[in-house]
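Sequential numbering of the sequence shown, starting at 33, is according to my numbering.
The beta-carbon is built from N, C-alpha and C at its ideal position, and this holds for glycine as well.
All figures in this text were calculated on a predicted structure; none of them were measured in a lab.
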Amino acid sequence: MPAIRLKTLADRSQPLGPGHRMCAGCSITSVVRQILLGSERPVVVVSATGCLEVTTSIYPFTAWQVPWLHCAFENAAATASGVEATCRALARQGRLAQEVNIVVFAGDGGTYDIGLQALSGAWERGHRVLYVCYDNEAYMNTGVQRSSATPRGAWTSTTPLGRETVGKTRPRKDIIAIAVAHGLPYVAQAAPSHWQDLGQKARAAFAADGPAFLNVLAPCVPGWRYEPERSIEVARLAVESRYWPLYEVVQGQYRLTYQPRRPQPLEAFLAAQGRFQHLLGPEHEALRRVVEADVQQQWDELLRRCGLAPAAPEAAAAGEGAEAHADAHVEPT
């Protein structure tokens, strides 16, 4: 698959236009634009209730310049399944002039939690739909409540800091493994900071012969508590600290698509956000060590799934990472 060029993307029309009411610095619009520019066909967008929906479609205005359908938190995948089935029926009848790509955008609340039942059904039935989770790791649209995508130790309005709790106590759900268990032909994790990696994965997902799933990190200014201009920087720190690895799973085979040359310490990612500030003090050092162990364990497990050997503990402590592996961008298949 040829590499994506900025000049080529700049010459294309924008499916999501300006004039939306996202928070200043919100990363979701960057995620949406990068993914939609990866489609070579016309697109139909289905939006679950969430930040993206409420800020781009306030009646009587819309920022969408493509066919767009809003549905509830819990039924986005079912709605998209109906759209896909309709398109197939129209094509059989000769009433659809050209093929279209159908894509769902939903947050982690509408994906990991509320919408998982409908999503599992759509995957099992094999609908050719690209489902994108813009993962900001909490229910940001309704007040920053914790979701099953919220990482251990993070502050949310329902896992506050106090005598009883010090942030969320449970690790986040592995939604990628759940998608892979459904036998999807293409699954990937990405971040807006690495635009070429994300764009290539979007193209691969749209081209998949069956359901596809992208889980894309979407840093949230009010929920993560950082300055609006730092969204892409925070996303990059997530990747470079290996908190948010970039990889794809093609027909069940895991593959890293990016390896940090000099991994950043996890503390750099934690310190960039207010939701983790309590972990930086000496009184919560034990919890910070647990969070660091979570990230290291997940990274090592990912390397094993990719057929790579985890780094020796002394090499990891020196910041060398898995130096035996390619440490630059790897093009997705």
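Bridge partners - Val-135, DSSP secondary structure assignment: Val-77 and Leu-162, per the DSSP bridge assignment.
Chain B within 8 Å of Val-271, Cβ atoms only: Of the protein chains in the structure, only one exists, and it is not chain B.
CB-CB length for Asp-326 against Arg-235, believed under 8 Å: Rounded, the Cβ-Cβ distance is 32 Å, inconsistent with contact.
Cβ neighbour criterion (16 or more within 10 Å) applied to Gln-130: By the neighbour-count rule (16 or more Cβ atoms within 10 Å), Gln-130 is not buried but exposed.
Proximity below 8 Å, CB of Phe-245 to CB of Ala-211: yes
Val-98 versus Leu-122, Val-64 and Ala-318, residue with shortest Cα-Cα distance: Val-64
Where Asp-6 sits in the DSSP three-state scheme: Because the chain is modelled from 33 through 365, residue 6 falls outside the range shown and cannot be assessed.
Beta-carbon gap between Glu-280 and Ala-220 smaller than 8 Å: yes
Trp-96 versus Tyr-163 - alpha carbon distance: The alpha-carbon atoms of Trp-96 and Tyr-163 are separated by roughly 18 Å.
contact_flag[the region 304-316, the region 174-190] where n(CB pairs < 8 Å) is 3 or more: yes
Cβ-Cβ distance between Gly-175 and Gly-70 below 8 Å: no
Cβ-based neighbour list, Pro-254, same chain, cut-off 8 Å, excluding 5 preceding and 5 following: Once the five neighbours on either side are set aside, the close Cβ partners of Pro-254 are Cys-55, Met-172 and Val-176.
Simplified DSSP assignment, three categories, for Asp-167: Annotated three-state conformation of Asp-167 is strand, per DSSP.
Buried versus exposed, by CB contacts within 10 Å (16 or more), Ala-358: With a pLDDT of only 40 at Ala-358, under 50, the local geometry of the prediction cannot be trusted, and the value read off the model is given with reservation. So Ala-358 ends up on the exposed side.
Secondary structure of Glu-72, DSSP reduced to three states: DSSP places Glu-72 in coil when its eight states are reduced to three.
Residue span of the beta strand (DSSP E) that contains Val-176, given as start and end: Segment: none, Val-176 is in no beta strand (DSSP E) and carries neither H nor E.
Leu-4 vs Thr-111 beta-carbon contact at 8 Å: The question about residue 4 has no answer here: the residues shown for the chain are numbered 33 through 365.
Boundaries (first-last residue) of the beta strand (DSSP E) holding Ala-222: Membership of Ala-222 in the beta strand (DSSP E) is indicated by the continuous run 218-222.
Beta-carbon contacts of Ala-270 that lie in its chain and below 7 Å, excluding the five residues immediately before and after: Only Ala-223, Leu-249, Trp-276 and Phe-301 meet the Cβ criterion.
From Pro-47, Glu-72 and Thr-94, residue whose alpha carbon lies closest to that of Ala-239: The shortest Cα separation from Ala-239 among Pro-47, Glu-72 and Thr-94 belongs to Glu-72.
Rounded Cβ spacing between Ala-213 and Ala-150 (contact assumed at less than 8 Å): Not confirmed; about 17 Å, so no contact.
Cβ shell of Arg-387 (< 7 Å), same chain only, five flanking positions each side left out: For residue 387 there is no data in the structure shown, the boundaries of the chain being 33 and 365.
Whole-angstrom distance between Arg-336 and Pro-8, CA atom to CA atom: For residue 8 there is no data in the structure shown, the boundaries of the chain being 33 and 365.
Cβ pair Pro-217, Gly-242 closer than 8 Å: yes
Terminal residues of the alpha helix (DSSP H) in which Glu-366 lies: Nothing can be reported for residue 366: it is not among the residues displayed for the chain, which extend from 33 to 365.
Status (buried if at least 16 other CB within 10 Å, exposed otherwise) for Gln-291: buried
Residues that DSSP places opposite Leu-311 in a beta bridge: Per DSSP, none; premise fails for Leu-311.
Cα-Cα separation, Tyr-166 to Thr-118: 26 Å
Limits of the alpha helix (DSSP H) - the one that Arg-157 falls within: Here the alpha helix (DSSP H) through Arg-157 covers 148-157.
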